[in-house]
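Take a look at the structure set out below.
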Amino acid sequence: MATIDFSSINKAAAKSFKQQRDVIKRLGKGDTLLCDSCKKPLTLSVSSHGEPGVKCQKGCTNIELML
Ligand SMILES: [Zn+2]
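The sequence shown begins at 509 in the working numbering and counts up one residue at a time.
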């Protein structure tokens with residue numbers, strides 16, 4: 509079960525968190541998604557903590573999720 513602390517983030521961030529989860533889900537299914545900034549493909553990665561993350565080649569997109 510996921511426990512998320514929303515106390516320090518606003519509604520926009522919560523919405524973007526949902527979008528980020530969707531991005532990871534789509535990458536996991538093999539979809540190709542592009543970075544909003546550099547238009548390079550996003551890649552799925554796993555952080556040192558074993559949490560899923562999404563990065564682009566240039567690093568302007570660097571999402572780490574704590575599920
Ligand atoms: Zn980028």
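Idealized CB from N, CA, C, for every residue including glycine.
Tell me Cys-564's beta-bridge partners as DSSP assigns them. Here residue 564 refers to the residue found at position 56 when the sequence shown is read from its first residue. In DSSP, Cys-564 forms a bridge with Leu-550.
In this structure, how does DSSP classify Leu-542 when only helix, strand and coil are distinguished? In the sequence shown, counting from the first residue as 1, residue 542 sits at position 34. Correct three-state label for Leu-542: strand.
Heavy atom of ligand 3 less than 6 Å from the Cβ of Lys-526, yes or no? Although ligand 3 was asked about, the structure shown includes only ligand 1 as ligands.
Determine the direct distance from the alpha carbon of Val-562 to that of Cys-546, and round the result to whole angstroms. Start at 1 with the first residue of the sequence shown, and residue 546 comes out as number 38. Start at 1 with the first residue of the sequence shown, and residue 562 comes out as number 54. In a straight line, the C-alpha of Cys-546 is about 14 Å away from that of Val-562.
Taking 6 Å as the limit, tell me which residues put their C-beta closer than that to any heavy atom of ligand 1, in chain order. Cys-543, Ser-545, Cys-546, Lys-548, Cys-564, Lys-566, Cys-568 and Thr-569
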